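Q: I'd like to ask some things about the structure below.
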Amino acid sequence: MVAPWDRRTPAEQSRLESAALSRWLSAVRAAAPFHAPRAAGIDDRLLTDRRGLQRLTPTRERDLLADAQAGASAVLRPNEAQVKATADDGVIAAIARAIRRDGAAGKRDAIVQAYRPVQLHRGGVGGDLLIASSRTDLDRLHRAGARAAAVLGLRDDDVVVSAVPAGPTLAHLGVVHLAAGAGLTAMHARGAGDDLDAVALAAGLLPTTILVVPSQEAVDLARVLGELRIGLRGLRTIVTVGPPPLPDERERVAAAFGDLGADVRVRALWGPSAGRALWAECAEGEHGLHTYPDLEVLEVLDPLTGAPASGDGDLTVTSVGWHGTAHVRFQTGAWVDPLATDACPGCGRTVPRIVGDVAPHAWELPVAIDGRRQGTVDLRGVGAVVAATPWVRAWRAELQGPDQRVPRDRLVVELAGEARGDLGDLEGRIEVAAGLAPQLTTGIPVAEVERGIEEAGGVLADRR
Ligand SMILES: [Zn+2]
238 MVAPWDRRTP AEQSRLESAA LSRWLSAVRA AAPFHAPRAA GIDDRLLTDR
288 RGLQRLTPTR ERDLLADAQA GASAVLRPNE AQVKATADDG VIAAIARAIR
338 RDGAAGKRDA IVQAYRPVQL HRGGVGGDLL IASSRTDLDR LHRAGARAAA
388 VLGLRDDDVV VSAVPAGPTL AHLGVVHLAA GAGLTAMHAR GAGDDLDAVA
438 LAAGLLPTTI LVVPSQEAVD LARVLGELRI GLRGLRTIVT VGPPPLPDER
488 ERVAAAFGDL GADVRVRALW GPSAGRALWA ECAEGEHGLH TYPDLEVLEV
538 LDPLTGAPAS GDGDLTVTSV GWHGTAHVRF QTGAWVDPLA TDACPGCGRT
588 VPRIVGDVAP HAWELPVAID GRRQGTVDLR GVGAVVAATP WVRAWRAELQ
638 GPDQRVPRDR LVVELAGEAR GDLGDLEGRI EVAAGLAPQL TTGIPVAEVE
688 RGIEEAGGVL ADRR
């Protein structure tokens, strides 16, 4: 007997994780054009657990976009033989049922249902990455949504009104799947061009108990409800969509609704934009975002080396068991504290929690490339290249903003060690990985670079 998804012991969790990973990694290496060559040469028998997974190189949005438009080559495209060899038991069973019912046509339909992307959303720092989900994935999205609703403490008789603008985003689709998966009456009240008046008027039409709203608009929504004199007597929870608000922001939101006579708790709902599921804080308190360990493997990596971090770092997602876009150690760029893996002090769930501040796209910064063109520089790219350059003994990188002398952003990289090989080649590789041509300074004494790291940081954006 296996415990429910949120009550498993660490041993049980890791046993199930290994079972899911070994099947899924063989599917990915067989059928995702981006990942297949990267996993080549690693023995299948090594890719059966988290340690095996960590043999694979982490990927960033830039890597996926450089390989194919919109990251399309990370989508699983198995042929029949690969489906047979690598699909999980649920998919195999569905195919077998379809064959019994409709023969060869049934088999074809069942494979299409499991793998063809039927929903796409935009993810990543600029929304350039398309994340594909299949019909089978939609069932998982509903399951994840139902879980988020349960974690938030929503009940069967709750009525949800969402102020998240309609659009091809995880925030919008995640809230739609949450309500649908949990079977709640819900209105996604905000069209793409609507202001908050539209949401407030819609909320007034229903016995609304739950308002879902982008974090930065929660106080404004209370103000608009007040101005339009819409009383929501049964309102009890404000779900803010975005990284968990700071304590004083939370208090401001609760106070703004308190002024309307509503006694609400404020809970966050968030997931990285290129991910699949939204994670929720539990009804019992502010104990972090509760994740789904059977639907994804999470790691926190050192953003500069890609190695597992001992402290805070880059939230990294492996989308175990999902079809459509396969994320293998996808570095989301969200800066997080180490994951909490003890049981939640509020609700007792044993799932990993993201506790503390979350800063999405922390290492991906907008830059002025030449005065007119805007781009994004990914500072993690410097580390990825330099870490693979044997003669570099220490380094630091600084993004320096436009000043009176140079009217554009500059990526200044200081390198200690005796330069070998072609510096132009190193420069070119950093430009591809980071998105901006660097200015390299070599031959700096190690002690001097280390002093700079100590005083100012290893990688930073100096924009003040
Ligand atoms: Zn909890």
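Just so it is clear: in the sequence shown, position 442 is 679 by my numbering, and no numbers are missing.
Just so you know, even glycine gets a beta-carbon here, dropped at the ideal spot from N, CA and C.
Small disclaimer: the values here were computed from a predicted structure and weren't measured.
1. List, from N- to C-terminal side, the beta strand (DSSP E) runs of 3 residues or more that fit wholly inside the region 508-560.
2. Rounded to a whole number of angstroms, what is the C-alpha to C-alpha distance between Gly585 and Val686?
3. Examine the Cβ distances between the region 596-607 and the region 634-650 and report whether three or more of them are shorter than 8 angstroms.
4. Please determine, among Trp572, Pro315 and Asp376, the residue with the shortest C-alpha to C-alpha distance to Ile348.
5. Taking the straight line between their C-alpha atoms, what separation do you get for Ala670 and Ala303?
6. State the beta-bridge partners of Val398 as determined by DSSP.
7. Report, in whole angstroms, the separation of the C-beta atoms of Gly301 and Leu258, which I expect to be a contact under 8 angstroms.
8. Please confirm whether any heavy atom of ligand 1 lies closer than 7 angstroms to the CB of Arg504.
9. Below 7 angstroms CB to CB, which residues in the same chain sit around Gly548 once its five sequence neighbours on both sides are set aside?
10. Taking the straight line between their C-alpha atoms, what separation do you get for Arg334 and Thr555?
11. If I follow the unbroken alpha helix (DSSP H) through Pro274, where does it start and stop?
12. Since Gly612 sits in a beta bridge, which residues does DSSP pair it with?
13. Could you tell me which whole beta strand (DSSP E) segments of length 3 or greater appear in the region 368-415?
14. Give me the residue from Asp457, Pro482, Gly479 and Ala520 with the minimum Cα distance to Asp732.
15. By the three-class DSSP mapping on this structure, what secondary structure does Ile279 have?
16. Going by the C-beta, is Glu668 closer than 7 angstroms to any heavy atom of ligand 1?
17. Got a sec? Which residues, its chain only, sit under 6 angstroms from Val328 by beta carbon, not counting five neighbours each side?
18. Count the other C-beta atoms from every protein chain shown that fall within 10 angstroms of the C-beta of Arg266, then say buried if there are 16 or more, exposed otherwise.
19. Can you tell me the Cα-Cα spacing of Gly618 and Val595, whole angstroms?
20. Pop quiz: Ala385 and Trp516 are said to be a contact at Cβ under 8 angstroms. What is the actual Cβ separation, rounded to whole angstroms?
21. Got a sec? Which residues, its chain only, sit under 7 angstroms from Pro682 by beta carbon, not counting five neighbours each side?
22. How many angstroms separate the CA atom of Gly512 from the CA atom of Leu677?
23. Assuming Gly612 and Leu673 are in contact, meaning their beta carbons sit under 8 angstroms apart, how far apart are those beta carbons, in whole angstroms?
24. So the candidates are Asp531, Arg566, Trp600 and Arg657; which of them puts its Cα closest to the Cα of Ala251?
25. With H, G and I counted as helix, E and B as strand and the rest as coil, what does DSSP make of Ile203?
26. Going by beta carbon distance, what residues of the same chain come within less than 6 angstroms of Gly390, once the five residues before and after it are set aside?
27. How big is the Cα-Cα spacing for Gly471 and Glu691?
28. Kindly list the residues whose CB is nearer than 8 angstroms to the CB of Ala400, restricted to its own chain and excluding five residues on each side of it in sequence; keep chain order.
29. Taking the alpha helix (DSSP H) that Val478 belongs to, which residues open and close that run?
30. With DSSP collapsed to three states, give me the class of Glu651.
31. I'd like to know whether the C-beta atoms of Val503 and Thr477 end up nearer to each other than 8 angstroms.
32. Give the secondary structure of Ala656 by DSSP, where H, G and I count as helix, E and B as strand, and everything else as coil.
33. Closest to Pro295 by CA distance: which of Thr542, Val643 and Gly525 is it?
34. Could you tell me the boundaries of the alpha helix (DSSP H) in which Val349 lies?
35. Closer than 6 angstroms by C-beta to Ala416: which residues in its own chain qualify, once you throw out the five before and the five after it? Chain order, please.
36. Rank Asp485, Gly441 and Ile475 by C-alpha distance to the C-alpha of Leu465 and give the top, closest one.
A: From the atom records:
1. For the beta strand (DSSP E) assignment, the uninterrupted runs of no fewer than 3 residues enclosed by the region 508-560 are, from N- to C-terminal side, 516-518, 534-538 and 550-555.
2. Approximately 46 angstroms between the Cα atoms of the pair.
3. Flag = yes, the region 596-607 and the region 634-650 touch.
4. For the residues Trp572, Pro315 and Asp376, the minimum Cα distance to Ile348 belongs to Pro315.
5. Straight-line Cα distance between these residues: approximately 9 angstroms.
6. Partner(s): Met424 and Leu448.
7. Looking at the sequence provided, one finds Leu at residue 301 rather than Gly. Contact between Leu301 and Leu258 is ruled out by a C-beta separation of about 21 angstroms, above the 8 angstroms threshold.
8. Arg504 Cβ: outside cutoff for every heavy atom of ligand 1.
9. Annotation for Gly548: Pro575 place their beta carbon closer than 7 angstroms to its own, counting only its chain and skipping 5 residues before and after.
10. Between Arg334 and Thr555, the alpha-carbon positions lie close to 29 angstroms from each other.
11. Secondary structure note for Pro274: its alpha helix (DSSP H) is the uninterrupted segment His272 to Ala276.
12. Per DSSP, the beta-bridge partners of Gly612 are Val604.
13. 396-399, all fully within the region 368-415.
14. Since the first residue of the chain shown is 238 and the last is 701, residue 732 is not available in this structure.
15. In the structure shown, Ile279 falls within a coil segment according to DSSP collapsed to helix, strand and coil.
16. False, no ligand heavy atom lies under 7 angstroms from that Cβ.
17. Cβ neighbours of Val328 within its own chain (closer than 6 angstroms, five residues either side excluded): Ala351.
18. Counting Cβ neighbours within 10 Å, Arg266 comes out buried, since at least 16 surround it.
19. Approximately 21 angstroms between the Cα atoms of the pair.
20. Yes, they are in contact, since the Cβ atoms of Ala385 and Trp516 sit about 7 angstroms apart, within 8 angstroms.
21. Ala653, listed in sequence order.
22. Pairing Gly512 with Leu677, the inter-Cα distance amounts to about 35 angstroms.
23. Contact between Gly612 and Leu673 holds: their C-beta atoms lie close to 7 angstroms from each other, under 8 angstroms.
24. Sequence inspection shows Ser at residue 251; the Ala mentioned does not correspond to that position. When each option's Cα is compared against that of Ser251, the closest is Asp531.
25. Here the chain has residues from 238 to 701 only, and residue 203 is not among them.
26. So the list reads Ala520, once near-sequence residues are dropped.
27. Those two C-alpha atoms are separated by around 53 angstroms.
28. These residues qualify, in order along the chain: Ala426, Arg427, Leu433, Val436, Leu448, Val449, Val450, Pro451, Glu454 and Leu458.
29. Segment Thr474 to Val478 is the beta strand (DSSP E) holding Val478; no alpha helix (DSSP H) there.
30. Of the three classes helix, strand and coil, the one that applies to Glu651 here is strand, per DSSP.
31. Yes.
32. Secondary structure at Ala656: coil, using DSSP grouped into helix, strand and coil.
33. Nearest C-alpha to Pro295: Thr542.
34. Segment Asp326 to Tyr352, the alpha helix (DSSP H) holding Val349.
35. Here the set comprises Val397 and Ala423.
36. Distances from the CA of Leu465 to each of Asp485, Gly441 and Ile475 were compared; the closest alpha carbon is that of Gly441.
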